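Trainee: No gaps in the numbering here: position 124 of the sequence shown is 126 in this note's numbering, and each next residue is one more.
By construction, the Cβ of each residue, glycine as well, lies at the ideal position given by its N, Cα and C atoms.
In this text the structure is predicted, and so the values were computed from the model without any measurement.
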Amino acid sequence: MIRDLLVDPALRIFLFLDALPQGLLWLVAVAILAVFAWYGFRWPRGPREKATPKGRREGSDFLELAGILRRARFSPWARRYLRTRLARLAVALRCEHERISPDKAWAELHQGRWPPDPLVRAFLQGTENTGFWEALAHVVQALERYAQGGEW
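#1: Taking only the alpha-carbon atoms, compute the straight-line gap between Arg123 and Gln150 and give it to the nearest angstrom.
#2: Near Ala94, which residues of its chain fall below 8 Å by C-beta distance, leaving aside the five closest residues on each side in sequence?
#3: Go through its chain and collect everything with a Cβ distance to Tyr148's Cβ below 7 Å, but skip five positions before and after it.
#4: With DSSP run on the structure shown, which of helix, strand or coil describes Gln230?
#5: What runs of the alpha helix (DSSP H), each 4 residues or longer, lie entirely inside the stretch 87-124?
#6: By a C-beta neighbour count over all protein chains shown, 10 Å radius and 16 as the cutoff for buried, is Trp40 buried or exposed?
#7: One question on the structure: do Ala74 and Ala68 come within less than 8 Å of each other, judged by their Cβ atoms?
#8: Kindly give me the distance between the Cβ atoms of Leu19 and Leu27, rounded to whole angstroms, as I take these residues to be in contact under 8 Å.
#9: Apply the 10 Å Cβ neighbour rule to Pro117 and answer buried if 16 or more other Cβ atoms are within range, or exposed otherwise.
#10: Identify the continuous alpha helix (DSSP H) that holds Phe18 and give its terminal residues.
#11: Do you know whose CA, among Arg85, Cys97, Glu110 and Val37, lies nearest Ala139's CA?
Listed below in structure tokens is the structure:
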């Protein structure tokens, strides 16, 4: 029974490995050791980080935004993402200040009736003809002014 369960399979594995070229066996062994070494050096050695709410990391919004700004230099997708994110912020600010529904604020933004500043409106709609970075700076200043209780 022990022979059937342990000795015969071990002997077959040994004979199979013995039939393979030794260079191939050494190459596989070195590759396996390299993988273990790579993961061994990558694992954290210090205490674990504090648990944060699911799906959130401390500072993740800032880090995400910084990464999107870097990508916006060459990526149309990143520019569209920034426009969308700023449009959501503008609609949220308007809903808070003017006590209107988000659906109405979005509808007025898409119809071109809001915000009153044409450069901000064109940027949020994605139709600005000026440079992206100048328009972005203008929109961020306008949103900051509006968030502090000012006008567009």
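Mentor: So, to answer that:
#1: 19 Å
#2: The answer, listed in chain order, is Pro104.
#3: Leu95 and Trp154
#4: Only positions 3 to 154 of the chain appear in this structure, which leaves residue 230 out of reach.
#5: 104-113
#6: exposed
#7: no
#8: Between Leu19 and Leu27, the beta carbon gap of about 7 Å places them in contact (Cβ cut-off 8 Å).
#9: buried
#10: Asp10 to Ala21
#11: Nearest option by C-alpha distance: Arg85.
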